[in-house]
Amino acid sequence: MAGLSCGYHLQKAGVRFAIVESSDSVGGRVQTDIVDGFLLDRGFQIFLTSYKEAQAMLDYQSLDLKPFYAGALVRWNGAFHRVADPLRHFGDGLGSLPNPVGSPIDKALVGLFRLKSLLKSEDAIFQSPETTTYSRLKAEGFSDAIIDRFFRPFLGGIFFDRDLNVTSRLFEFVMRCLATGQNCLPSKGIGRVGEQLASQLPSDAIHTGTRVESVTGPIPGQPGRVRVEGGQTICASQAVVVATEAPAARTLLGEAMASSDSKSEEAVGTANLYFRAPRPPREENVLYLNGESIGLVNNACFPSTVAPSYAPAGQALVSLSTIGTQSDLSDSELAEKCKAEMAEWFGQDEVATWQLLRVYRIPFAQPNQTPPTDFSRAVNLTNGLFVCGDHRDTATLDGALKSGRRAAEAVLAATAALPVSSKEVVGTTV
Ligand SMILES: Cc1cc2nc3c(=O)[nH]c(=O)nc-3n(C[C@H](O)[C@H](O)[C@H](O)COP(=O)(O)OP(=O)(O)OC[C@H]3O[C@@H](n4cnc5c(N)ncnc54)[C@H](O)[C@@H]3O)c2cc1C
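For the sequence shown, my numbering assigns the number 3 to the initial residue and increments by one for each residue that follows.
And the structure:
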């Protein structure tokens, strides 16, 4: 996403560039596989319509975004309890006041915090004083009940961290995004986002299946060099942008990155299991959250109830997500354990009909985002080397897009004095 975004903005400025990507398709962590007619996003992901960079770059209409219900069903103490956005589902919001997911005061506080989040710009949120999300929730007056039953599975599912150690800035950001937009799935899968961006770039500028082994920036009289697997070298007259995940960027950029490093604490991961089913146990386009302190499944949904194109006609797709990759379990053990949990939620007879389609284990879903954070890290590393990716901004789809734009702008600023014909940039994925 960061590399494609950088290319998008360079192209708009009339700069020639090449994108070099090691895998066989674009999109990085945002991809969709088609398996037996089902659309399987590589890890459960949600597209937020309020993402500002995405709004500027993407054609939402052709993404054909299908919204989730604005709220969730929380599984707690043997039953589902509804949490609803009262501004979008007033009756449901009112009806959920007495449920045990939190006190009526907690629910009023959610509404209040949602309003407060609108008073700050996104930039102000990212600059504001930070603590962990857990501490912030306590400081805002939320009870342990709503923290444990709603915020842990909800924010934990977004940031793969049920301990809520992730920075409070992201909590504010998410609340702002939810207040200003909808949670959606593109009808052709989340991978369509990267494909749409790539389709706006010259097709001969993108080189997939090409792993970069080393990079050097241009110096006066000598172009930058991008050496790829197999020994070929690509020359870049003005700049090299590295748009990989942080660990790969560190390897490629060495000293240049060390002078302005991204956070290096342990990344967070997830496992995502997909099953085919003859029908969804409930038709609602809602996210199901595990409000208990035990269990492997953190969140579940039936993507085909949100976007019917996620499953062939007459069938349904089941998506279950865990925090961490559960690497001590084989795929079949993990699937059986998750199904046993889901039998309690949706009934043994329903779940017995589910057949495993695929398990995705994603050890590096997002870089570490615990405090202290810096969501506007430098992208110009000097000497013709630039860096972007979700480790320089927020680890979200929009953060990656933003970092790509910032890198493109930094390249343009650094090469402003050069004649247009000599502006040429090469990067790894850019
Ligand atoms: C399971 C999951 C769920 C998520 N859910 C959400 C969500 O709901 N909402 C949200 O906003 N965000 C979500 N995210 C986060 C978001 O997807 C990422 O933050 C963002 O896509 C990162 O984009 P990126 O361009 O920075 O990095 P990447 O997507 O990792 O791209 C880096 C690219 O560099 C390539 N590369 C690496 N090394 C080399 C090399 N040596 N040579 C050539 N190419 C190389 C890789 O193949 C990859 O294509 C989720 C992520 C995951 C994994």
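Yeah, the Cβ is synthetic: ideal placement off N, Cα and C, and Gly gets one too.
C-alpha of S105 to C-alpha of Y53: approximately 31 Å in a straight line. By the CB criterion at 8 Å, G5 and A245 fall inside the cutoff. Counting every other CB atom within 10 Å of its CB across the protein chains shown gives P222 a total below 16, marking it as exposed. Shown here, I192 sits in coil according to DSSP, grouped into three states, outside any helix or strand.
Residue pairing by DSSP puts D35 in a beta bridge opposite L42. By the neighbour-count criterion, in which a residue is buried when 16 or more other Cβ atoms sit within 10 angstroms of its Cβ, A273 is buried. In the assembly as shown, D125 is an exposed residue. Its beta-carbon has fewer than 16 other beta-carbons within 10 Å. Counting the other Cβ atoms within 10 Å of the Cβ of N185 gives 16 or more, which makes it buried. Scanning K265, Q328 and A238 for the CA closest to the CA of E247 turns up K265.
Short of 6 Å from the beta carbon of R213, and not among the five residues preceding or following it, lie these beta carbons of its own chain, in chain order: S24 and E231.
With respect to P369, H393 sits close: the two C-beta atoms are nearer than 8 Å.
In this structure, R164 has its CB at a distance of at least 7 Å from all heavy atoms of ligand 1.
By the beta-carbon neighbour count (other beta carbons within 10 angstroms, threshold 16), L322 is buried. Going by beta carbons, G73 and L111 fall outside the 8 Å limit.
Checking the DSSP bridge columns, you'll see K68 partnered with L187.
In this structure, L298 places its C-beta atom within 8 Å of the C-beta atom of C340. Looking from the CA of D66, the closest CA among A200, G193 and C390 belongs to G193. Three or more beta-carbon pairs drawn from the stretch 159 to 178 and the stretch 311 to 331 are found closer than 8 Å, and the two stretches are therefore classed as touching.
In this structure, DSSP gives V381 a state outside helix and strand, which the three-state scheme calls coil.
Between the C-alpha atoms of F46 and F70 there is a straight-line separation of about 13 Å. Remark: the shortest separation between the CB of M259 and any heavy atom of ligand 1 does not fall under 7 Å.
V22 has its CB nearer than 7 Å to a heavy atom of ligand 1. Close CB contacts of I149 within its chain, under the 6 Å cut and outside five residues either way in sequence, are with L139 (chain order). When the alpha-carbon of T398 is set against those of F175, R408 and G39, the nearest one is in F175. For P365, the enclosing beta strand (DSSP E) covers residues Q357 to Q368. Selection A313, T372 and S378 evaluated against S189 yields A313 as nearest (Cα-Cα).
Just measuring C-alpha positions, the residue of M259, V195, L199 and A181 sitting nearest G219 is M259. Looking at the backbone, the Cα of H209 and that of V228 are separated by about 13 Å. Each of R407, V103 and D330 was checked against the Cα of A86, and the nearest Cα belongs to V103.
Not one heavy atom of ligand 1 lies closer than 7 Å to the C-beta of I127. Secondary structure within the stretch 102 to 129: the alpha helix (DSSP H) runs of 4 or more consecutive residues, fully enclosed, are 106 to 121 and 124 to 129 (chain order).
Setting aside the 5 residues that flank it on each side, D395 is surrounded in the same chain by F377, S378, R379, G401, A402, K404, S405 and R408, each with a C-beta closer than 8 Å to its C-beta; the list follows chain order.
Around the CB of T384, fewer than 16 other CB atoms lie within 10 Å, so the residue is classed as exposed.
Note: L319 is bridge-paired with R278 in the DSSP secondary-structure output. The count of Cβ pairs closer than 8 Å, one atom from the stretch 195 to 206 and one from the stretch 3 to 22, reaches three, so the stretches are in contact.
Distance from the CA atom of Q33 to the CA atom of F304, rounded to whole angstroms, is 18 Å.
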